[in-house]
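Asker: Numbering (UniProt numbering), first residue to last: 1 to 195. For glycine and all other residues, C-beta sits at the position ideal for the given N, C-alpha and C.
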Amino acid sequence: MERRCVLNSWSKEEVRAVIRYEWARGVSGTEIHKRLVEVYGPGVMSKQMVRRWYRTFSDGRQQMEDIPRAGRTRMATTDANVGKVDDMIRANRRITIDEVAEELGISHERAQNIIHDILRYRKVSARWVPRQLTSTHQEQRMAVSLERLVRYHEDGNDFPFRIVTGMKLLFASEEISKADISSEADVGAIMSVYC
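#1: Three-state secondary structure (DSSP) at R122?
#2: Could you check where the beta strand (DSSP E) with R52 kicks off and where it finishes?
#3: For the beta strand (DSSP E) holding V37, just list the boundary residues, first then last.
#4: Which first and last residues belong to the alpha helix (DSSP H) in which W128 is found?
#5: Using only alpha-carbon positions, find the residue among V150, A24 and A111 that is nearest to W53.
#6: My output table needs one value for L7: the three-state DSSP class, helix, strand or coil.
#7: Residues in the same chain with beta-carbon distance under 8 Å from E22, minus the five sequence neighbours each way, listed in chain order, please.
#8: Are there 16 or more other CB atoms within 10 angstroms of the CB of N81, so buried, or fewer, so exposed?
#9: Per DSSP, what kind of secondary structure is E65 in: helix, strand or coil?
#10: Would the region 118 to 130 and the region 87 to 99 be scored as touching if the rule is three or more Cβ pairs under 8 Å?
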């Protein structure tokens, strides 16, 4: 009778406990790995890692938990910091990773991890934007698209020519040419006067 993968989820400690139990019964490391794969599936643990734990238990280790390592504990990627980073980005979409890191007192790498991997933001035109549209954004885009489609059916092929941007309207009404505007500041000044 062929056994199939029975358990889809497990903890490291659980698998190590099984290895320790089978080691105590005198089963070889290769056979332990074969049994683990039968029950937990092929992604449970590599054969080399099973053999390493087998040797570790043979050397007298009793506990199955990881031994604490030297160095700094990971305290930067907390729910509080993730929330603060999200609030900072929503307040200023042009904030840089270095500014976030400095404000929270965390490393550049931790700030980048929170922004890209946890919050799933990406830069577009020097602004942070979510990678996924929210349902509200999707509904807004759908409404605008349907409005444009209705206008296209009403106006026909002339529809694109009836869209007037603010600058075209300004140029047409005041006869200001693009050559008269030398910088973005000039555009802002003109817009504030005429709008």
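Answerer: On the basis of the supplied data:
#1: By one-based count along the sequence shown, residue 122 stands at place 122. Note: R122 maps to strand in three-state DSSP.
#2: Translated into the one-based positions of the sequence shown, residue 52 becomes position 52. From DSSP, R52 is part of no beta strand (DSSP E) but of the alpha helix (DSSP H) over K47 to S58.
#3: Along the sequence shown, one-based indexing puts residue 37 at 37. Run containing V37: none in the beta strand (DSSP E); it sits in the alpha helix (DSSP H), G29 to Y40.
#4: Counting from one through the sequence shown, the residue named residue 128 turns up at place 128. Where W128 is concerned, there is no enclosing alpha helix (DSSP H), although the beta strand (DSSP E) around it starts and stops at R127 to P130.
#5: Counting from one through the sequence shown, the residue named residue 53 turns up at place 53. Comparing Cα positions, the closest option is A24.
#6: Along the sequence shown, one-based indexing puts residue 7 at 7. Reduced to three states, the DSSP call for L7 is coil.
#7: The count along the sequence shown starts at 1 and reaches residue 22 at position 22. Excluding residues within five positions, the ones whose Cβ falls inside 8 Å are E31, I32 and R35.
#8: Walking along the sequence shown from the start, residue 81 turns up at place 81. Classification of N81: buried, given that the 10 Å Cβ count is 16 or more.
#9: Working through the sequence shown from its first residue, we reach residue 65 at position 65. Residue state, collapsed to three classes: coil.
#10: Contact holds: three or more Cβ-Cβ distances are below 8 Å.
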